[in-house]
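First comes the structure, then the notes that go with it.
In this note's numbering, the protein residues as written are 14 to 471.
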């Protein structure tokens, strides 16, 4: 299907000079896209070809009169057929990729380019189908906006871009699915002035490359445009398990307090035998369910079979390591910056044929020194800004000194990306003046910080 643009303007040359270049010019040559320009001045009646006049009520600037605009549109409709009429003005909804995809399905689109203070508002009120704006700024006229819209829409016309996959993977390209910024791109040389290309792109594993690119697109979107990725978050009763090593026994009471405070299903002691269970039950005082597992694979199998409280049979458990920025991270993929990004990543990994399937139980591993092995695992930075100490009688959300650490959860407005699209702010757990009368557990602190965001911000 071909697409025709009818552009109404005082400067047809500005449009015609641009559309003949690049992919758009080739598309016009091939008959995939047509761009025609109509000059408002051709529909004036005085010898000066006047199109503007002073505004009623006074004020600065001039306004384009309605008659030449309406006469021009009606003439084109009679001569070449009806079209969808779009007025380009700053006071309008913002044009985006979804609007481009919608307009690309139409056979004929008319674009009205204003100048001065704009076009008489009776045109907006009675003679157009919709109004669009490029963004929160003002241009000298609508011609640049018209060219942007023509190029954005034309790329979606079949045959204009040689490889259709390019359109799909562009920023905002998945208009029917998700809105993501595009992943990073690299080309030769593999090392430039000491800066190397990510190794995964050189390994030839196309599945690994696809996963890396998707994760990078998610991370860049959350860092730069988090408003594009609204997430419903976890249900209040979504099953979360807290997995800890046997060495965490000395802080069992604090871990139990964290688990109860956040509605965690229970503590999973990983790497212990049945003989360890009585000691854990005694240490937690029976305030939280405790189970022991020989290794992470055993826990994963038990969860998949629905043999652990809060899990449904067949639901795949997701292991999430909670990471402190104060400790070096060793792993294939960098941690997610905050809970919403983590949940977005986990949801995107659900099988496509089961998009309605719920996310399985989460297993948090907040212990710094011993990341679990033998199971697929993601990582998340413990968010700064959430109280990091275990809640022992403190009100929810109030800072606590039990863990000797404090942290704060960033809001979307606090996210400050670097030029490469990597979010740097999410966390640095800072040491605080600790109450020496209380034991300190960084495991409990990390768990509390992560659970606070998962429950409240996820």
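By construction, the Cβ of each residue, glycine as well, lies at the ideal position given by its N, Cα and C atoms.
Checklist entry - Along the chain, where does the beta strand (DSSP E) that runs through residue 393 open and close? => result 390-394
Next on the checklist: What would DSSP say about residue 38, mapped onto helix, strand or coil?
Outcome noted: helix
Next on the checklist: By DSSP's criteria, residue 143 is part of a beta bridge. Which residues make up the other side?
Outcome noted: 99
Checklist entry - Do the segment 345-355 and the segment 235-246 touch if we need at least three Cβ pairs shorter than 8 Å? => result yes
Item to check | Three-state class that DSSP yields for residue 123 in the structure shown | outcome: strand
Item to check | Cut-off 7 Å between Cβ atoms - residues of its own chain near residue 50, not counting five sequence neighbours on either side | outcome: 20, 22, 25, 28 and 29
Next on the checklist: Could you give the first and the last residue of the continuous alpha helix (DSSP H) run that contains residue 1?
Outcome noted: Here the chain covers residues 14 to 471 and nothing more, so residue 1 does not appear.
Item to check | Inside the segment 211-278 only - beta strand (DSSP E) runs reaching at least 3 residues | outcome: 253-257
Item to check | Integer Cβ distance of residue 65 from residue 76, believed to fall under 8 Å | outcome: 6 Å
Item to check | When 265, 204 and 192 are compared against residue 240, the one with the closest alpha-carbon | outcome: 192
Next on the checklist: Going by beta-carbon coordinates alone, are residue 146 and residue 108 separated by less than 8 Å?
Outcome noted: yes
Item to check | Length of the line joining the Cα atoms of residue 361 and residue 392 | outcome: 16 Å
Checklist entry - Straight-line CA distance for residue 287 to residue 231? => result 41 Å
Next on the checklist: For residue 335 and residue 395, which I take to be in contact (beta-carbon distance under 8 Å), what is that distance rounded to the nearest angstrom?
Outcome noted: 5 Å
Checklist entry - Near residue 156, what residues of its chain come up, given a Cβ to Cβ distance below 7 Å and the 5 sequence neighbours on each side ignored? => result 22, 24, 27, 28 and 126
Checklist entry - Can you tell me the Cα-Cα spacing of residue 279 and residue 344, whole angstroms? => result 27 Å
Checklist entry - Shortest alpha-carbon distance to residue 263 belongs to which of 297, 86, 225 and 244? => result 297
Checklist entry - If we count the other Cβ atoms within 10 Å of its Cβ and call it buried at 16 or more, is residue 463 buried or exposed? => result buried
Checklist entry - What are the residues that DSSP puts in a beta bridge with residue 333? => result 377 and 391
Checklist entry - What residues are listed by DSSP as bridge partners for residue 19? => result 49 and 123
Checklist entry - Hey, how far is the Cα of residue 521 from the Cα of residue 153? => result The structure shown does not extend to residue 521, since the chain spans only 14 to 471, so no value can be given for it.
Next on the checklist: In the DSSP output, which residue or residues are listed as bridge partners for residue 281?
Outcome noted: 256 and 304
Item to check | Contacting residues, own chain, Cβ-Cβ under 7 Å from residue 137 (five flanking each side not counted) | outcome: 100 and 144
Checklist entry - Which residues mark the beginning and the end of the alpha helix (DSSP H) in which residue 203 is found? => result Taken as a continuous stretch (DSSP letters only), residue 203 belongs to no alpha helix (DSSP H), as it is neither H nor E.
Next on the checklist: Given this structure, state the Cα-to-Cα distance separating residue 258 from residue 113, to the nearest angstrom.
Outcome noted: 53 Å
Item to check | Which of helix, strand or coil DSSP assigns to residue 208 | outcome: strand
Checklist entry - Would you call the segment 375-385 and the segment 250-257 touching, i.e. three or more CB-CB distances under 8 Å? => result yes
Checklist entry - Expressed to the nearest angstrom, what Euclidean distance is found between the alpha-carbon atoms of residue 150 and residue 206? => result 38 Å
Item to check | Beta-carbon spacing of residue 380, residue 261 below 8 Å | outcome: yes
Next on the checklist: Can you confirm whether the segment 65-74 touches the segment 33-52 when touching is taken to mean that 3 or more C-beta pairs between the two stretches lie within less than 8 Å?
Outcome noted: no
Checklist entry - Helix, strand or coil for residue 76 per DSSP? => result strand
Checklist entry - Are the Cβ atoms of residue 163 and residue 116 separated by less than 8 Å? => result no
Checklist entry - If we count the other Cβ atoms within 10 Å of its Cβ and call it buried at 16 or more, is residue 466 buried or exposed? => result buried
Checklist entry - Distance, Cα to Cα, residue 13 vs residue 141? => result Only positions 14 to 471 of the chain appear in the structure, and residue 13 is not among them; the question remains open.
Checklist entry - Going by the beta-carbon positions, is the gap between residue 124 and residue 53 smaller than 8 Å? => result no
Checklist entry - Where DSSP assigns a beta bridge to residue 154, which residues make up the other side? => result 128
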